[in-house]
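Novice: Before anything else, here's the structure in question.
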């Protein structure tokens, strides 16, 4: 086991190593990187993050399919679609359990939100007394999903139900984090990146346990918060940069 300073130095080194433009090529973050308009980046990023489970090549291929349907202009499509455009999605397969009905539902909800908001950032504001995005995600869920139960609700996880909410936490990292490396976008200027957490999946969870950062065996919200405490000791202003270190170490199996 490394001591605190050794572990901090090791994780900083690995964060720098994996937080490079090379990372974009094989990661779903390449999808929003195809756009420059803020709303295009948000919509493409949110959709890509939503289907981010399984093989990364498969995720990118499925995200390509959604972009093709939207004419590679996500914001324009969301604001100007016709019901006929969405009806033909009903029987389409998109990605695993995320199907054409889910895609159509998300498009309709985006339309409602963008009619009232310039950016999705408005729906993720963190309040002064809060320490992470737990409550902000729930506020977003209630606005995006509304009250009427729909099959698509399962695609946006709830921290209140102890989900790690990995995909939405990852999306938030993309939008909020700003540094010199150019992987994350940092286009949301009014939310401090100190509130970000690590998107907890098999890779980041296993490496976190191997390094003694967490003791819980489940990849759930309680573990997200346990990891928050550990990584913020290394850098309280930019804790999510360690996602690159933990994910990179997990994917490359460097510590096995």
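In the numbering used here, the protein residues as written are -7 to 248. Here a beta-carbon is modelled for each residue, glycine too, at the ideal position from N, C-alpha and C.
Can you tell me which of the three DSSP states residue 83 falls into?
Specialist: Counting from one through the chain shown, the residue named residue 83 turns up at place 91. Here residue 83 carries a coil assignment [DSSP, helix/strand/coil].
Novice: Output the residue ranges of the alpha helix (DSSP H) runs that lie fully inside the region 37 to 124 and measure 4 residues or longer, sorted by chain position.
Specialist: 48 to 61, 66 to 72, 75 to 79, 92 to 108
Novice: Secondary structure at residue 19, three-state DSSP: helix, strand or coil?
Specialist: Taking the first residue of the chain shown as 1, we reach residue 19 at position 27. In the structure shown, residue 19 sits in coil (DSSP, three-state: anything other than H, G, I, E or B).
Novice: Assuming residue 190 contacts residue 235 (C-beta within less than 8 Å), just tell me the rounded distance between them.
Specialist: Locating residue 190 in the chain shown gives position 198, where the first residue counts as 1. Locating residue 235 in the chain shown gives position 243, where the first residue counts as 1. Contact holds; Cβ gap of about 5 Å.
Novice: Using a threshold of 8 Å, state whether the C-beta atoms of residue 58 and residue 103 are closer than that.
Specialist: Numbered from its first residue, the chain shown carries residue 58 at position 66. Numbered from its first residue, the chain shown carries residue 103 at position 111. With a cutoff of 8 Å on beta-carbon distance, residue 58 and residue 103 are scored as not near each other.
Novice: Output needed for residue 76: all residues of its chain with C-beta closer than 8 Å, excluding positions within five of it in sequence on either side, in chain order.
Specialist: The residue given as residue 76 occupies position 84 in the chain shown. Same-chain partners within the cutoff: there are none.
Novice: Start and end of the alpha helix (DSSP H) containing residue 200?
Specialist: As a working note, residue 200 is residue 208 in the chain shown. If you look at residue 200, you'll find it in the alpha helix (DSSP H) that goes 194 to 202.
Novice: Which of helix, strand or coil does DSSP assign to residue 134?
Specialist: For the purposes of this step, residue 134 is identified with residue 142 of the chain shown, where counting begins at 1. Of the three classes helix, strand and coil, the one that applies to residue 134 here is helix, per DSSP.
Novice: For residue 2, which residues in the same chain have their Cβ closer than 7 Å to its Cβ, ignoring the five residues on either side in sequence?
Specialist: One-based indexing of the chain shown puts residue 2 at position 10. Cβ within range, chain order: -6.
Novice: What separation, rounded to the nearest whole angstrom, lies between the Cα atoms of residue 111 and residue 171?
Specialist: The residue you call residue 111 lines up with position 119 of the chain shown. The residue you call residue 171 lines up with position 179 of the chain shown. Straight-line Cα distance between these residues: approximately 21 Å.
Novice: Quick test of your reading: residue 192 and residue 156, contact by CB under 8 Å. State the CB separation rounded to the nearest angstrom.
Specialist: For the purposes of this step, residue 192 is taken as residue 200 along the chain shown, with counting starting at 1. For the purposes of this step, residue 156 is taken as residue 164 along the chain shown, with counting starting at 1. Residue 192 to residue 156, Cβ: 4 Å. Contact.
Novice: Tell me residue 220's beta-bridge partners as DSSP assigns them.
Specialist: Numbered from 1 along the chain shown, position 228 holds the residue referred to as residue 220. In DSSP, residue 220 forms no bridge with anything.
Novice: By how many angstroms is the C-alpha of residue 83 removed from the C-alpha of residue 176?
Specialist: Reading the chain shown from its first residue, position 184 is the one you call residue 176. Reading the chain shown from its first residue, position 91 is the one you call residue 83. Cα-Cα distance, rounded: 34 Å.
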